[in-house]
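Asks:
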Amino acid sequence: MDDYCREQERSQAYADASGFFFKYVENLAAGIKQELPRQIERASKFPNRLPILRSNIWTLKNYLRLLHALVKPAADAHTLTIPAPLVDLASDQLQAVEAMKKSTIVVLLGSELMYFREFSARVRDAI
Amino acid sequence: MRIPLVLGQAKGEELHRNGCERNPVMTPMDLQDRAQYLSLALFAQQMISALMEYADEGKSQRLNTSLRQALNSLLLAKDPSASASRKVIAFSSYEQIRTLEEVWSNKDRVNAIRMMRAILRAPNSPKSKEVANDLIAMFSGLQNQALWNFEQPKPVSPRVMQRLCQLA
């Protein structure tokens, strides 16, 4: 997944939130890759923790799985003619809401309209 | 750092757990609900990691902050009006509170609060490490249930939806 995101960054000029999103996924995937040996080392040192460590890995895998569902639609959306001023306006409105000041909008190409919000900092803190 | 996203099409992979086939497709409409369960699992994982570092290796750098965050979230989960005005890192959504109620009884919650306070009060006590192990088991149960619900999200029943609308 990080390879795909890196490829997207190389092949397209993302100046918007999509670029930030791909960079985030790339960094997250790299962080998880670094975390895995640490989890294995802990499992060797403390075998009694194995079931818990397995659940930890499962959680991280599911987070990657969730992001995986969004990466391709984000890349596909790059081919669209997006009403950038409208998206910027929506983004500004969103950031005016307390607790969403650092929020950005990534446009995805999909068959349904939806809204997704995730506290991504939690993953960073968990690993 | 929060990333709100607009528009989504999801195609999940087929998953197998304990030899059983799980919900194979992550549909766009339930991505948000599923993210809530996953967010709770990540919160539990964060707690477990801090507690394991403390119980197994005697490291307590992350312990204080993690315990206080969990304590605040648990206390505020009982009072929705307070949580609306304060920042909580868990138990702030319907999905997360439902998962909590599935795993922890009211007595468990009171016990968890008591245990967290005991560790915060005396982090150097050997007894606190035993308490930390009990807490690890509790948060592990919470993480597993959150992961289970992530795989098998249950729709909100019309009766509960009606109640939520009345509360809003």
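Chain order of the listed sequences is H and R.
When the first sequence is numbered by our numbering, its final residue is 127 and no position is left out of the sequence of numbers.
When the second sequence is numbered by our numbering, its final residue is 1168 and no position is left out of the sequence of numbers.
C-beta atoms are modelled at their ideal positions from N, C-alpha and C, and glycine is treated no differently.
Here the structure is a predicted model, which is why all the values come from computation and not from measurement.
For L1075(R) and I1136(R), what's the separation of their Cα atoms in angstroms?
Replies: Taking the first residue of the second sequence as 1, we reach residue 1075(R) at position 75. Taking the first residue of the second sequence as 1, we reach residue 1136(R) at position 136. Spanning the two alpha carbons is a distance of roughly 19 Å.
Asks: Can you name the start and end residues of the alpha helix (DSSP H) that P37(H) belongs to?
Replies: Locating residue 37(H) in the first sequence gives position 37, counting from the first residue. Where P37(H) is concerned, the enclosing alpha helix (DSSP H) stretches over 17-45.
Asks: Using a C-beta to C-beta distance shorter than 7 Å, which residues of chain H count as neighbours of Q1143(R)?
Replies: By one-based count along the second sequence, residue 1143(R) stands at place 143. Going along chain H in sequence order, the residues near Q1143(R) (Cβ under 7 Å) are S55, T59.
Asks: According to the neighbour-count rule (16 or more other Cβ atoms, all chains shown, within 10 Å of its Cβ), is W58(H) buried or exposed?
Replies: Numbered from 1 along the first sequence, position 58 holds the residue referred to as residue 58(H). Per the 10 Å Cβ criterion, buried.
Asks: Using a beta-carbon distance below 7 Å, is Y63(H) in contact with chain R?
Replies: Sequence index remark: in the first sequence, residue 63(H) carries index 63 (1-based). Answer yes: the Cβ-Cβ gap between Y63(H) and chain R drops below 7 Å somewhere.
Asks: Can you tell me where the alpha helix (DSSP H) with V97(H) in it begins and where it stops?
Replies: Mapped onto the first sequence, residue 97(H) falls at position 97. From DSSP, V97(H) is part of no alpha helix (DSSP H); its letter is neither H nor E.
Asks: Just the chain H side, please: which residues come within less than 9 Å of R1034(R) by C-beta, in chain order?
Replies: Sequence index remark: in the second sequence, residue 1034(R) carries index 34 (1-based). Near R1034(R) (Cβ distances below 9 Å), the residues of chain H are N62, L66.
Asks: Just the C-alpha distance for R38(H) and V1160(R), rounded to the nearest angstrom, thanks.
Replies: Numbered from its first residue, the first sequence carries residue 38(H) at position 38. Numbered from its first residue, the second sequence carries residue 1160(R) at position 160. Rounded to the nearest angstrom, the two C-alpha atoms are 43 Å apart.
Asks: Can you grab the Cα-Cα spacing for the pair F22(H) / H78(H), in whole Å?
Replies: As a working mapping, residue 22(H) is identified with position 22 in the first sequence. As a working mapping, residue 78(H) is identified with position 78 in the first sequence. If you take the alpha carbons of F22(H) and H78(H), they lie about 12 Å apart.
Asks: Taking only the alpha-carbon atoms, compute the straight-line gap between F47(H) and L1067(R) and give it to the nearest angstrom.
Replies: Your numbering for residue 47(H) matches position 47 in the first sequence. Your numbering for residue 1067(R) matches position 67 in the second sequence. The sequence shown places Pro at residue 47(H), not Phe. Cα to Cα, P47(H) sits roughly 25 Å from L1067(R).
Asks: Rounded to whole angstroms, how far is the Cβ of L94(H) from the Cβ of I82(H), which I believe are closer than 8 Å?
Replies: As a first step, residue 94(H) is located in the first sequence; it is residue number 94 there, counting from the start. As a first step, residue 82(H) is located in the first sequence; it is residue number 82 there, counting from the start. Actually they are not in contact, since the Cβ atoms of L94(H) and I82(H) sit about 16 Å apart, beyond 8 Å.
Asks: Starting from the beta carbon of F1150(R), find every residue of chain H whose beta carbon is closer than 8 Å, and list them in chain order.
Replies: Looking up residue 1150(R) in the second sequence gives position 150. Ordered by position in chain H, the residues that pass the 8 Å Cβ test against F1150(R) are N62.
Asks: Out of P1153(R), T1099(R), E1053(R), C1165(R), state which residue places its alpha-carbon closest to the alpha-carbon of G1141(R).
Replies: For the purposes of this step, residue 1141(R) is identified with residue 141 of the second sequence, where counting begins at 1. Comparing Cα positions, the closest option is T1099(R).
Asks: Would E1095(R) pass as a contact of Q1036(R) if the rule is Cβ separation under 7 Å?
Replies: Taking the first residue of the second sequence as position 1, residue 1095(R) is located at position 95. Taking the first residue of the second sequence as position 1, residue 1036(R) is located at position 36. Less than 7 Å divides the Cβ of E1095(R) from the Cβ of Q1036(R).
Asks: Does DSSP classify P51(H) as helix, strand or coil?
Replies: What you label residue 51(H) is simply residue 51 of the first sequence in a count that begins at 1. In this structure, P51(H) counts as helix in the three-state DSSP scheme.
Asks: In chain R, which residues lie with their C-beta within 7 Å of the C-beta of F46(H)?
Replies: Against the first sequence, residue 46(H) aligns to sequence position 46. Under the 7 Å cutoff, chain R gives D1056.
Asks: Pull up the CB-CB distance for V1103(R) and Q1145(R), whole angstroms please, since I reckon it's below 8 Å.
Replies: Position 103 of the second sequence holds residue 1103(R). Position 145 of the second sequence holds residue 1145(R). By a beta-carbon distance limit of 8 Å, V1103(R) contacts Q1145(R). Their separation comes to about 5 Å.
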